[in-house]
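Reviewing the structure listed below.
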Amino acid sequence: MDLWNAKVRFHSSIFNHLINTINPAIDTAAADFKREVLEGLSQSPKRIPSKLFYDERGSRLFEAITRLEEYYPTRTEISILREHLPEMAALIGPNALVIEFGTGAGVKTQMLLGALDAPRAYIPIDIAREQLDHASRELAKEFPSLDIHPLWTDYTDSLTLPAVRDGAGQHVIFFPGSTIGNFEPSEAITFLRNAASLAAPRGSLLIGFDRVKDSRVLEAAYNDKLGITAQFNLHLIERIAEEFGAPISTEDFDHFAFFNSEESRIEMHLVSRVEQALTLDGEEIHLDAGEHIITEYSHKYSSPAFQELLGSSGYVVKQRWTDSKGYFEVCYSIAK
Ligand code: AVJ
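Each position in the sequence shown, counted from 1, maps to that position plus 5 in this note's numbering.
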């Protein structure tokens, strides 16, 4: 992954952001999508970065996943927040500047901002523009005196924060949802280190991760009975068909998700049902019948393994909270 090397595409106050609906960044986003797909499909094994799931429809499908019976992470994390937010808020302290990687539906953000003592500013960073707009608008209604500065960008690229930091208390990075699991552990360390220096010198991190557990529970969460996760995965094929104008069809792929216990991760793949030759922007892509494309890793950690990861990334763990089943963990740590 090309970590922290590119420029922020776009950042401004919420008002400019909402007005600026025709933005050159949209073309950049489409070009980036194509480039990343072609790059990934020329590797062996073939892969497509999981961040490319999140266009408008992909974001909506993910929201549907979070409501599935089998998909426990979202509701479990929310229950942990509900129970322990006063303690979290006390640790964070007053006048915090909240930086969030990925905005999602904004539910957890509302909870956190509502619990904090006079938060100064909120900087959501998301690759999914519709989500970012929607969440920012909703939060502006809910917290009219809060300074909101959405950044529409890929947060795995390099970032510069807007100048809203004077007089702010703790610069807390909020990274819920176990999205950290999408990174391989070594990438996660690089990412968290960069995040620590972004938030320095008063940086801290409130992060949620999914714990290792019975593989049947894990596998069910990515193979739901309604087939929404399959649709989410196959949506990448629809996006490729759309963006490249290519005759590639979801009919020719199967969703496949399993727990790789050696690597401690769920892997999602798309499996080609047939042999196919595709031309994407003049590039020939060949798929064998039965060939796999890796579309997502979702790493699962034990509590000690994750603490070690945080330690290697430059954080000191202050407090940890889990649910009654020990399925999920939220962790607060200070950047050294
Ligand atoms: C948003 C990355 C946390 O890994 O569980 C859900 C994405 N993929 N079902 C996860 C996802 C398939 C999710 N994260």
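Positions of the beta carbon are idealized from the N, C-alpha and C atoms, including for glycine.
Model, not experiment: these values are computed from the prediction.
Closer than 8 Å, CB to CB, is P252 near chain D or not?
The structure shown contains no chain D, having only a single protein chain.
Item to check | Nearest candidate by alpha-carbon position, reference E192, set L315, S329, P50, D259 | outcome: For this step, residue 192 is matched to residue 187 along the sequence shown. Cα-wise, what sits closest to E192 is L315.
Checklist entry - Between I301 and the rest of its own chain, which residues show a CB-CB distance below 6 Å, the 5 nearest in sequence each way excluded? => result The sequence position of residue 301 within the sequence shown is 296, counting from 1. Before going on, a small fix: residue 301 reads as Glu here, not Ile. The answer, listed in chain order, is S55, M273.
Could you check whether A201 and S318 sit closer than 8 Å to each other, using their CB atoms as the reference points?
Numbered from its first residue, the sequence shown carries residue 318 at position 313. Numbered from its first residue, the sequence shown carries residue 201 at position 196. A distance below 8 Å separates the beta carbons of S318 and A201.
In angstroms with no decimal places, state the Cα-to-Cα distance between A173 and D229. Reading the sequence shown from its first residue, position 168 is the one you call residue 173. Reading the sequence shown from its first residue, position 224 is the one you call residue 229. Roughly 43 Å between the two C-alpha positions.
S303 CB to nearest heavy atom of the ligand AVJ below 7 Å: For the purposes of this step, residue 303 is taken as residue 298 along the sequence shown, with counting starting at 1. With a cut-off of 7 Å, the C-beta of S303 is classified as near the ligand AVJ, since at least one heavy atom of the ligand falls inside that distance.
query = Can you check whether the CB of I97 is closer than 8 Å to the CB of S209?
reply = Here residue 209 is taken as the residue at index 204 of the sequence shown, counted from 1. Here residue 97 is taken as the residue at index 92 of the sequence shown, counted from 1. In this structure, I97 lies closer than 8 Å to S209 by Cβ.
Residue environment, N265, which counts as buried when at least 16 other CB atoms sit within 10 Å | Translated into the one-based positions of the sequence shown, residue 265 becomes position 260. Exposed, since its Cβ has fewer than 16 Cβ neighbours within 10 Å.
Would you kindly check if the distance between the Cβ of E41 and the Cβ of L66 is under 8 Å? Position 61 of the sequence shown, counting from 1, holds the residue named residue 66. Position 36 of the sequence shown, counting from 1, holds the residue named residue 41. No.
Worksheet item: Excluding five sequence neighbours on each side, which residues of the same chain lie with their C-beta closer than 6 Å to the C-beta of A246?
Response: Your numbering for residue 246 matches position 241 in the sequence shown. Hits under 6 Å: I253.
Check your understanding: Is any heavy atom of the ligand AVJ found at a distance shorter than 7 Å from the C-beta of S269?
Key -> Residue 269 sits at position 264 when you count from the first residue of the sequence shown. No, the ligand AVJ has no heavy atom inside 7 Å of this Cβ.
message: Is it the case that the segment 279–287 contacts the segment 150–164, given that we only count it when at least three CB pairs across the two stretches are under 8 Å?
response: Touching, no, given that fewer than three Cβ pairs across the two stretches are closer than 8 Å.
Starting from the C-beta of N100, find all residues in its chain whose C-beta is less than 6 Å away, skip the five residues before and the five after it, and write them out in chain order.
Here residue 100 corresponds to residue number 95 of the sequence shown, with the count starting at 1. The residues are A123, R125, A173, G174.
**Prompt:** In the DSSP assignment, what are the bridge partners of N187?
**Reply:** Counting from 1 along the sequence shown, the entry for residue 187 is found at position 182. None, per the DSSP bridge assignment.
Judging by CA-CA distance, which residue of Q312, Q281, L137, T255 is the nearest neighbour of A235? The residue labelled residue 235 in the question sits at position 230 within the sequence shown. Taking only the C-alpha atoms, the option nearest A235 is T255.
Requested in this report: Run the CB neighbour count on K341, radius 10 Å, all protein chains shown included, and call it buried at 16 or more, exposed below.
Outcome: The residue given as residue 341 occupies position 336 in the sequence shown. It is exposed - the Cβ of K341 has fewer than 16 other Cβ atoms within 10 Å.
Three-state secondary structure (DSSP) at T327? Mapped onto the sequence shown, residue 327 falls at position 322. Assignment of T327 by DSSP, reduced to helix, strand and coil, places it in the strand class.
| field | Three-state class that DSSP yields for H154 in the structure shown | value | Against the sequence shown, residue 154 aligns to sequence position 149. H154 falls in the coil class under three-state DSSP.
message: Using only CA atoms, which one of E268, F38, S183 lies nearest to E105?
response: Start at 1 with the first residue of the sequence shown, and residue 105 comes out as number 100. The option with the nearest alpha carbon to E105 is S183.
Can you grab the Cα-Cα spacing for the pair I233 / I70, in whole Å?
In the sequence shown, the residue the question calls residue 233 occupies position 228. In the sequence shown, the residue the question calls residue 70 occupies position 65. Using only the alpha carbons, I get a separation of about 6 Å.
**Prompt:** From what residue to what residue does the beta strand (DSSP E) around N100 run?
**Reply:** As a first step, residue 100 is located in the sequence shown; it is residue number 95 there, counting from the start. Unbroken run through N100: none, as it is neither H nor E.
What is the rounded straight-line gap between the Cα of V103 and the Cα of F180? Position 98 of the sequence shown, counted from the first residue, corresponds to residue 103. Position 175 of the sequence shown, counted from the first residue, corresponds to residue 180. Computed Cα separation, rounded: 10 Å.
T108 versus L156 - alpha carbon distance
In the sequence shown, residue 108 corresponds to position 103, counting from 1. In the sequence shown, residue 156 corresponds to position 151, counting from 1. Approximately 10 Å between the Cα atoms of the pair.
* Could you check what DSSP says for D257 in three-state terms: helix, strand or coil? => Locating residue 257 in the sequence shown gives position 252, where the first residue counts as 1. Helix.
Spatial neighbours of T79 in its chain, beta-carbon cut-off 6 Å, leaving aside the 5 residues before and after:
By one-based count along the sequence shown, residue 79 stands at place 74. Closer than 6 Å at the Cβ level, and outside the excluded window around T79, lie T71.
Figure out for me which residue from V222, F237, N187 has the closest Cα to the Cα of G213. Stepping through the sequence shown from its first residue, residue 213 is reached at position 208. When only C-alpha atoms are compared, the closest one is N187.
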